[in-house]
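**Q** Order-wise, the sequence lines are chains A and B. Each step along the first sequence adds one to the number in the numbering used here, with nothing skipped, and position 322 is 323. Each step along the second sequence adds one to the number in the numbering used here, with nothing skipped, and position 250 is 265. Backbone N, C-alpha and C fix where the C-beta goes; we use that ideal spot for every residue, glycine too. Quick caveat: nothing in here was measured; it's all calculated off a predicted structure.
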Amino acid sequence: MSESLLQVEDLHVWFDLEDGGELHAVQGVNLSLDPGERLGLVGESGCGKTTTALAIMGLLPPNASVSGRVLLEGVDILAGGEEAIRPHRWVDVAIVFQGAMNAMNPVRTVGQQIVEALELHNRAKGVKARARTAELLEAVGIPAGRATRYPHELSGGMRQRAAIAMALACNPKVLIADEPTTALDVMVQAQILELLDGLCRDFGLALILVTHDLPVVAQLCNRCAVMYAGEIVERGRLEAIYHTPGHPYSRMLFAASPDLAGLGEPVISIPGAPPRLDRRIEGCPFRPRCDSSFEACTVRPRLEPLAADHDAACHLNTKVPA
Amino acid sequence: MSAEPALLEVEDLVVRYPIHRGLVGSATRRPRRSVHAVEGVSLSLRRGEMLALVGESGCGKTTTAQAVLRLVDPVSGSIRFDGRNLVPLGARELRPLRRRIQVVYQDPYESLDPRFRVRAAVEEPLLIHRLGGSKAERAARVREALVRVELSPPELYLDRYPHELSGGQRQRVAIAAALVLEPEVLVADEPVSMLDVSVRAGVLNVLDGLREQGLAILMITHDLSTAVRFAQRIAVMYLGRIVEEGPAAAVVGNPQHPYTKALLSVVPRRDPRDRTRPQILRGETPDAVAIPSGCRFHPRCPVAIERCSHEDPPLAQPTSAEEGHRAACLLLPSATDS
Chain A
2 MSESLLQVED LHVWFDLEDG GELHAVQGVN LSLDPGERLG LVGESGCGKT TTALAIMGLL
62 PPNASVSGRV LLEGVDILAG GEEAIRPHRW VDVAIVFQGA MNAMNPVRTV GQQIVEALEL
122 HNRAKGVKAR ARTAELLEAV GIPAGRATRY PHELSGGMRQ RAAIAMALAC NPKVLIADEP
182 TTALDVMVQA QILELLDGLC RDFGLALILV THDLPVVAQL CNRCAVMYAG EIVERGRLEA
242 IYHTPGHPYS RMLFAASPDL AGLGEPVISI PGAPPRLDRR IEGCPFRPRC DSSFEACTVR
302 PRLEPLAADH DAACHLNTKV PA
Chain B
16 MSAEPALLEV EDLVVRYPIH RGLVGSATRR PRRSVHAVEG VSLSLRRGEM LALVGESGCG
76 KTTTAQAVLR LVDPVSGSIR FDGRNLVPLG ARELRPLRRR IQVVYQDPYE SLDPRFRVRA
136 AVEEPLLIHR LGGSKAERAA RVREALVRVE LSPPELYLDR YPHELSGGQR QRVAIAAALV
196 LEPEVLVADE PVSMLDVSVR AGVLNVLDGL REQGLAILMI THDLSTAVRF AQRIAVMYLG
256 RIVEEGPAAA VVGNPQHPYT KALLSVVPRR DPRDRTRPQI LRGETPDAVA IPSGCRFHPR
316 CPVAIERCSH EDPPLAQPTS AEEGHRAACL LLPSATDS
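1) When you compare the CB of M105 (chain A) with every CB in chain B, is at least one pair closer than 7 Å?
2) Can the beta-carbon of V282 (chain B) be found closer than 7 Å to that of L72 (chain A)?
3) Using a Cβ-Cβ distance under 7 Å, would A343 (chain B) count as near chain A?
4) Taking contact to mean 3 or more Cβ pairs, one atom from each stretch, closer than 8 Å, check whether the region 216 to 236 of chain B and the region 177 to 190 of chain B are in contact.
5) Would you say Q192 (chain A) reaches chain B, if we count a Cβ-Cβ gap shorter than 7 Å as a contact?
6) Label V39 (chain B) either buried or exposed according to how many other C-beta atoms from any shown protein chain fall within 10 Å of its C-beta, with 16 as the threshold for buried.
7) Since I believe L66 (chain B) is in contact with L60 (chain B) (beta carbons under 8 Å), could you give me their beta-carbon distance rounded to a whole number of angstroms?
8) Along the region 272 to 295 of chain A, where does the CB come closer than 7 Å to a CB of chain B? Name the residues.
9) List, in chain order, every chain A residue whose beta-carbon is nearer than 9 Å to that of R215 (chain B).
10) Measure from the C-beta of E154 (chain A) to each C-beta in chain B and report whether the shortest distance is under 7 Å.
11) Kindly confirm or deny that the region 192 to 201 of chain B and the region 222 to 235 of chain B touch, where touching means at least three C-beta pairs closer than 8 Å.
12) So what's M105 (chain A) in DSSP terms, helix, strand or just coil?
13) Can the beta-carbon of V53 (chain B) be found less than 7 Å from the beta-carbon of G255 (chain B)?
14) Is there a Cβ from chain B that is less than 7 Å from the Cβ of Y151 (chain A)?
15) DSSP three-state call for P88 (chain A): helix, strand or coil?
16) Note down, in chain order, all residues in the region 238 to 251 of chain A with a beta-carbon under 7 Å from any beta-carbon belonging to chain B.
17) Which residues in chain B have a C-beta closer than 8 Å to the C-beta of V217 (chain A)? List them in chain order.
18) Report the rounded CA-to-CA distance for A343 (chain B) versus V111 (chain A), giving the unit in angstroms.
19) Exposed or buried, which one is I34 (chain B) when buried takes at least 16 other CB atoms within 10 Å?
20) Count the other C-beta atoms from every protein chain shown that fall within 10 angstroms of the C-beta of I320 (chain B), then say buried if there are 16 or more, exposed otherwise.
21) Are there three or more Cβ pairs, one per stretch, closer than 8 Å when the region 158 to 177 of chain A is compared with the region 209 to 219 of chain A?
22) Please classify H51 (chain B) as buried or exposed, where buried requires at least 16 other C-beta atoms within 10 Å of its C-beta.
23) Closest by CA to V195 (chain B), which one among B:H340, B:F312, B:A135 and B:S72?
24) For G264 (chain A), return the contacting residues in chain B, with the cut-off set at a CB-CB distance below 8 Å.
25) By the 10 Å Cβ neighbour count, where 16 or more other Cβ atoms means buried, how is K129 (chain A) classified, buried or exposed?
26) Interface residues of chain A around L278 (chain B) at Cβ under 8 Å?
27) Report, in whole angstroms, the separation of the C-beta atoms of Q121 (chain B) and E205 (chain B), which I expect to be a contact under 8 Å.
28) Does chain A have any CB closer than 7 Å to the CB of V50 (chain B)?
29) If you measure beta-carbon to beta-carbon, which residues of the region 296 to 311 of chain B are closer than 7 Å to chain C?
30) At the level of alpha carbons, what is the spacing between L98 (chain B) and E24 (chain B)?
31) In chain order, which beta strand (DSSP E) runs of at least 3 residues are fully inside the region 181 to 229 of chain B?
32) Buried or exposed: which applies to D186 (chain A), given that a residue is buried once 16 or more other Cβ atoms fall within 10 Å of its Cβ?
33) Say whether chain A places a C-beta atom closer than 7 Å to the C-beta of S353 (chain B).
34) Whole angstroms are fine: how far does the CA of S270 (chain A) sit from the CA of G237 (chain A)?
35) Can you name, in chain order, every residue of its own chain whose Cβ lies under 7 Å from the Cβ of L18 (chain A), other than the five neighbours on each side?
36) Does the Cβ of G261 (chain B) have 16 or more other Cβ atoms within 10 Å, making it buried, or fewer, making it exposed?
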């Protein structure tokens, strides 16, 4: 078996709460990403998708504790703490956040910030760094002349492009994009998706797209992992998950996203809310909201293979017809 | 045209926001400039109808809604509600009418006071408008409003604080606080865009149910796939103008204006096999301070001809569209041309 570019094994993240409790945000996530692959990590707010992304980057807040392994080309970058991860962060794995404004320093120009990133990582200095900055900005569709602008002088779409340029400064192999288009208009969203698509194609970048928006994933990704209550409940090729979902949550999530086609079919909402992660979950975490739960669901299901490259954690898949 | 007159009729609405020149600007007599937020918008809304106002940020859709709510003062145009023009009315005359036109905002995390329990949040509009009679009568109306937004039994929610509710429940409380005044028009400004996908349909179905009971809803949204599911009519705005308007299924199924076509082509589809070849418009919506001459869409339009740069097209019914479906484009042969 060939080695994955990025492999996440049995990742758990707990947050210590102020009241002394503990929130089990990520509950045993396994993921693998091949070079050039585009994986959509989807789920509702609070399902652990951003926490998973932050854990991969080693950017969790101090009240978090982590277990499991994050293998980058076979090397565990999680084991050695900050010292082990620093040489890889931004260099091999980079992240773009939802609010590009918050990711940037408001009192420095966009160009200065990229130059700073290049110098910090000893990629280039002085004139060379400025030339590389212009190159990066051009690559994301920002005229190099805008390098002298401050973040607030750019539109939302341009800021997101600048944030992508900054993330690409050290030629990472993996780009994590956390809700990169959520705050943007559809036309600007289309521009950013086209940009990400081009970057993956031209630079062989592997992409993890973290979002709650399934149609966006459908546009850009080839594989998908659906998260619910801190774990992956289904993963595989996107077409397989859309056309033959192996988990009721995936099926309902698609049915809850309105589409321009199929006007006759109703748009559903999923009743209830996800379970609290500061309490122990008994049985299948989706059981209270599921439309097809049965006796077996009182036992927590495990992620089992359904077909080649398609796994789901649902007892319905092994249910013996009565 | 149906016989019933429109409940809300906006005609030729113009709203501009002046730009402050600053001390230097006024000393040097720099010309006064303004943001042309809304430039001649006309729309009508009937009882039991939802009109979706669709467009990108800065197209003037929220300003149009704020003018309808009389939260901004139009420069010109009229807003007739139930036969009466709201534009010339002062605060005192508007007050009884405000009860009848209510609003729900995008962010239920901000629109609800975190210190108010659900009971108080929904009751407050009654106290402000000095309505609802005795305490017991008000309590009954609060309960009824909660039931109408499907927060039932109301006892489960009355004593909760906003932070104890999910996003979808919060937005339902905000809707209940608007409904308690028994309005006839509800302006819903991006009512679900802050909510999780899984609960959006629930809130939209609540609005749809209220519409069926006769409420007229003006929904502001940027999401065409939501608009086509829930609205009867769609109006597409670009840079302060309505560029296309008509029955929802017609606007989406048989779009006429090049901007509507481009907007539809970039809506992501949930079936990965339906991956679209989006017709991405370059650049961004121009500044509403310096509006392009002629058709305001011409600098970004993929099919613009020379004429478009100096001739401003009116909203008219193209020969290729059904009755009641209008678009503002010079390239469309209009049904009234011959």
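**A** According to the data block:
1) no
2) Their beta carbons are not under 7 Å apart, which means V282 (chain B) does not touch L72 (chain A) by this criterion.
3) no
4) yes
5) So, interface residue.
6) exposed
7) 5 Å
8) A274
9) Under the 9 Å cutoff, chain A gives A257, S258, P259, V268 and S270.
10) no
11) yes
12) Residue state, collapsed to three classes: coil.
13) yes
14) Not one chain B Cβ lies under 7 Å of Y151 (chain A).
15) coil
16) Listed by position along the chain: L239, E240 and Y243.
17) P283
18) 39 Å
19) exposed
20) Per the 10 Å Cβ criterion, exposed.
21) yes
22) buried
23) In this structure, B:A135 is the residue among B:H340, B:F312, B:A135 and B:S72 with its C-alpha nearest to the C-alpha of V195 (chain B).
24) The residue asked about is misnamed: residue 264 (chain A) is Leu in this sequence, not Gly. Within 8 Å Cβ-Cβ: V243, R244 and A264.
25) exposed
26) V187 and M188
27) 4 Å
28) Judged by the 7 Å Cβ criterion, V50 (chain B) is not in contact with chain A.
29) This model lacks chain C altogether; the protein chains it does include are A and B.
30) In the sequence under discussion, the amino acid at residue 98 (chain B) is Gly, which differs from the Leu named in the question. Distance between the alpha carbons of G98 (chain B) and E24 (chain B) is about 8 Å.
31) Listed in chain order, they are 200 to 204.
32) buried
33) Because S353 (chain B) sits at a pLDDT of 43, beneath the cut-off of 50, its placement in the model cannot be relied upon, and the point is left open.
34) 24 Å
35) L24 and D279
36) buried
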